[in-house]
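Residue numbers (the numbering used here), protein chains in the order written: chain U, 4 to 427; chain H, 4 to 427.
Protein chains: 2
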Amino acid sequence: MTAAHSATLTTREECVAADASDPLAHYRDKFFIPADTIYLDGNSLGLMPKSAPERARLVIEQEWAQDHIGSWNKHGWFDRPVAIGAKIAQLLGGERGECVATDTTSINVFKALSSAIELQRATDPARKVIISERENFPTDLYITEGLISLLDRGYELRLIDSTAELETALGDDVAVALLTHVNYRTGEMWDVTAATAQVHTAGALVIWDLCHSAGAVPITLDASGADFAVGCTYKYLNGGPGSPAFIWVAEQHLRTATQPLSGWWGHAKPFDMALNYAAGDGARRFLVGTQPIISLSTMEEGLDIALSVDPAELRAKSLALTSLFIRLVESRLSHHPLTLITPRDDAARGSHVSFRHPEGYAVMQALIAHGVVGDYREPEVLRFGITPLYVGFADVWDTVETLRCVLDEELWRTPEFQQRGAVT
Amino acid sequence: MTAAHSATLTTREECVAADASDPLAHYRDKFFIPADTIYLDGNSLGLMPKSAPERARLVIEQEWAQDHIGSWNKHGWFDRPVAIGAKIAQLLGGERGECVATDTTSINVFKALSSAIELQRATDPARKVIISERENFPTDLYITEGLISLLDRGYELRLIDSTAELETALGDDVAVALLTHVNYRTGEMWDVTAATAQVHTAGALVIWDLCHSAGAVPITLDASGADFAVGCTYKYLNGGPGSPAFIWVAEQHLRTATQPLSGWWGHAKPFDMALNYAAGDGARRFLVGTQPIISLSTMEEGLDIALSVDPAELRAKSLALTSLFIRLVESRLSHHPLTLITPRDDAARGSHVSFRHPEGYAVMQALIAHGVVGDYREPEVLRFGITPLYVGFADVWDTVETLRCVLDEELWRTPEFQQRGAVT
């Protein structure tokens, strides 16, 4: 099923038939799907792989309880951030570079940005501008703000409002561009290869934030020439709540990149207990301290599933689903004030779709109450994550029908749906 | 049983009787003790509380699988770092200050040190020296080195070689002292209250690293006047491998302290997706990114056990065990080249005991092979962690007998015990 084929689906029966012939349909069985739920929030927290509980049980009851401290070697706990990182590098087409699974995305942004700034400082210290996107997920901007303030050496943040503005923003004062592959709100996707080339032509380095793309769209870090990448594993990689993030360093920087969170896990010989820091090899030096082994190990279950999928097939299904969703909403719900904020162009769209609606918050609460779990993002945005591993064509049909019911019958007017709690 | 009483124990039978009358003996049942093992490495990785598997199962199979994204609110995932942090603050006598459970000790050292430096810079920018201990656990020194290099503003590290040297090292150029309550190798313990007063008299701030003391010795952060504290939860708090660390901020700094890893979890309103960072209240601003919920939640099981113990009773038992161990080794094994490197003075000793032996590495491997799990630290150090919650008097007796056997019969000469693998 491709995006073109999905254009032919006009009834629920045809969607059911499309699911029946979907070559990726069997992946759905690898996940626990909550009862009576269409789960369109895998771009926030992916569902649980059915193998996760057994993996956690093994780590806790065998490795921790029975083999305790010996597990650091016997069960490979020490090398797990590097071993899992190697799998992530493979998934992201970045095997010439190196990756470690560790810490949080925010902390890894700090490491990558510090590292890129230091690399530039060594060759062109006058470059003091960091480019990022006004619509970026805020933590990337907050971390940049924190680092700039800490350095107190005249660095500044230059924000662009669209992908088209990158070219003009790239002056010879730019040190680094911190760009997010797929936008968390709109689902807009950069052309990583083209943007990386633009940044390099301008003499700057690029850090890609892959939080909303890793596991959902094909990524080819080596071929794209990227310098650094960071991202999380609890969204499309289904690693579990808050599972450790990753940081990837390109081959050309493996020997020279350093980072200031120089904890003992990044030391060349951590158990020599030497007085001074000596950075370990490659991406290992981007490790800092002891990692949460239960969360880290459990995460590998979702990652292994992602690694077993043909990325082209995954992308084709993702585009078929998102284009079907856009077409059905726009054709069947045109009498409601829904505004698509996600690109229609397949090449510029990740794997989630967002519509604005003036009562967006209440509409999403009503949808969730009726079994369709998407999420809400300020301002007014209904966000629907389409995880192609476990979302099907009939799910998309049913989502649109539920949304039609919520809007036609104004179910969102129910007072409880309008009370704002903490937003998820 | 106190240290004084333990001086009366001269036979295994008397040790067994001491266990029988130990008011803390029942705590042993709360932990899974590996078969045929005397576990003296709880100062590296605490044993598994028997309730941990069920807690992990609940988080994974109920909260993640069934309630997925809704668990951030429904099951309190969002507030868990703060809620668990409040329990840690209570354990550490620091309820006037605030604590969050998050990230790793190394990263929390970075935050605390950045924060303390910035506080000093606002009032006395000429203070550019950071005092720490040459024998500190290296990551504290490595992180300091990384921060100094990143700041590039003339900060320097001044190392002291003993607690006695603190006084003279505290010139009017000192900004911060980064001290570790109990030394990871020797078990030597600072008088936190006295040292904090010394540091404050000199106009500096103090950060206490509690990795080797939290859960093992009484701590009174508020009463001691400490400024910051950090520590881990996987040693004496039995939180599980790599369970998240903590950072505590004193009441007097809660409104003014900032830190540069300004990720969205530390933002005052993380879901407003505002363009600029605005620090959240109190210790919440020391959060950075999404925490590993499975590891974090499971950790609470060990913490709750620690909270249920009378700290004075725990300390009395710890001292009774460590003084018994020292006395038995020195009286029964005086014909071997074992050198105590742990203070004999109860007030200056944490809850582990270390002896040097020229063949320390091989001796420890032989001990482990014979069911006594301590660990080895460079150079030549046999380290024995005495977790009073699950180590008993007969365990100490049997440990000394096993050590006697290993040494008298030179079991450590077995070639496999001399081959160095990665050290745990």
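Just so it is clear, CB atoms sit at the ideal spot from N, CA and C, and this is done for glycine as well.
Residue i, enclosing alpha helix (DSSP H) - first and last residue
i	result
residue 268 of chain U	Residue 268 of chain U -> no alpha helix (DSSP H), and no H or E assigned at all.
residue 398 of chain U	396–411
residue 288 of chain H	Unbroken run through residue 288 of chain H: none, as it is neither H nor E.
residue 113 of chain U	108–126
residue 258 of chain U	No alpha helix (DSSP H) holds residue 258 of chain U; DSSP gives it neither H nor E.
residue 163 of chain H	Counting along the chain, residue 163 of chain H falls outside any alpha helix (DSSP H), though it belongs to the beta strand (DSSP E) covering 159–163.
residue 318 of chain U	314–335
residue 428 of chain H	Because residue 428 of chain H is not part of the residues shown, which for chain H are 4 to 427, the question remains open.
Neighbourhood of residue i by C-beta, 7 Å cutoff - its chain only, sequence neighbours within 5 removed
i	result
residue 426 of chain H	Low local confidence applies: a pLDDT of 44 at residue 426 of chain H is under 50, so the model's placement there is unreliable, and no value is given.
residue 164 of chain H	137
residue 109 of chain H	142 and 146
residue 203 of chain U	228
residue 44 of chain H	376, 377, 378 and 388
residue 114 of chain U	250, 262, 264 and 289
residue 234 of chain U	108, 212, 213, 214, 217, 248 and 249
residue 12 of chain H	18, 21, 327 and 396
Endpoints, beta strand (DSSP E) assigned at residue i
i	result
residue 136 of chain U	132–136
residue 102 of chain U	101–104
residue 388 of chain U	384–388
residue 182 of chain H	177–183
residue 35 of chain U	No beta strand (DSSP E) holds residue 35 of chain U; DSSP gives it neither H nor E.
Reduced DSSP secondary structure (H/G/I, E/B, other) of residue i
i	result
residue 425 of chain U	Here the model assigns residue 425 of chain U a pLDDT of 43, short of 50, so the residue's position is not dependable, and the following value carries that caveat. It is coil, neither helix nor strand.
residue 81 of chain H	coil
residue 210 of chain U	strand
residue 359 of chain U	strand
residue 58 of chain H	helix
residue 13 of chain U	coil
residue 276 of chain U	coil
residue 420 of chain H	helix
residue 42 of chain U	strand
residue 225 of chain U	helix
residue 154 of chain H	helix
residue 236 of chain U	coil
residue 51 of chain H	coil
residue 378 of chain U	strand
Cut-off 6 Å between Cβ atoms - residues of its own chain near residue i, not counting five sequence neighbours on either side
i	result
residue 10 of chain U	none
residue 6 of chain H	322, 323, 326 and 349
residue 285 of chain U	101 and 257
residue 172 of chain H	134, 161 and 163
Cβ-based neighbour list, residue i, same chain, cut-off 8 Å, excluding 5 preceding and 5 following
i	result
residue 415 of chain U	362, 365, 366, 368, 369, 409 and 421
residue 151 of chain U	133, 158, 159 and 160
residue 25 of chain H	4, 320, 395 and 396
Cross-chain neighbours of residue i in chain U, by beta carbon under 9 Å
i	result
residue 291 of chain H	106, 107, 109, 110, 113, 142 and 146
Interface residues of chain H facing residue i [CB-CB closer than 8 Å]
i	result
residue 72 of chain U	44, 47, 48, 376, 378 and 427
residue 117 of chain U	153
residue 25 of chain U	Result: empty, since nearest Cβ-Cβ is about 23 Å, beyond 8 Å.
residue 367 of chain U	By Cβ distance, chain H contributes nothing, its closest Cβ being about 12 Å from residue 367 of chain U, past 8 Å.
residue 406 of chain U	Residues of chain H passing the Cβ test: none, with the nearest at roughly 18 Å.
Interface residues of chain H facing residue i [CB-CB closer than 7 Å]
i	result
residue 69 of chain U	37
residue 60 of chain U	56
Where residue i meets chain U, residues with beta-carbon distance less than 7 Å
i	result
residue 270 of chain H	145
residue 265 of chain H	145, 146, 148 and 149
Contacts of residue i in chain H (Cβ-Cβ under 9 Å)
i	result
residue 137 of chain U	278
residue 80 of chain U	244 and 245
Chain U contact residues for residue i, given Cβ-Cβ distances below 8 Å
i	result
residue 294 of chain H	107 and 245
residue 301 of chain H	63 and 297
residue 275 of chain H	381
residue 418 of chain H	Neighbours of residue 418 of chain H on chain U: none; closest Cβ ~19 Å, over 8 Å.
### Message
Check whether the region 372–388 of chain U and the region 264–281 of chain H are in contact - that is, three or more C-beta pairs closer than 8 Å.
### Response
yes
### Query
Counting Cβ pairs, one atom from each stretch, are 3 or more of them under 8 Å apart for the region 391–410 of chain H and the region 301–313 of chain U?
The region 391–410 of chain H, when compared against the region 301–313 of chain U, does not touch it at the 8 Å Cβ threshold.
### Query
Given 8 Å as the limit, is there contact between the region 94–111 of chain H and the region 248–261 of chain H, that is, 3 or more CB pairs closer than that?
yes
### Query
Can at least three beta-carbon pairs, one atom from the region 329–347 of chain H and one from the region 167–180 of chain H, be found at a separation below 8 Å?
no
### Query
Should the region 87–95 of chain H be regarded as contacting the region 389–407 of chain U, the criterion being three or more beta carbon pairs within less than 8 Å?
no
### Query
Does the region 53–64 of chain U come within contact of the region 59–71 of chain H, defined as at least 3 CB pairs closer than 8 Å?
yes
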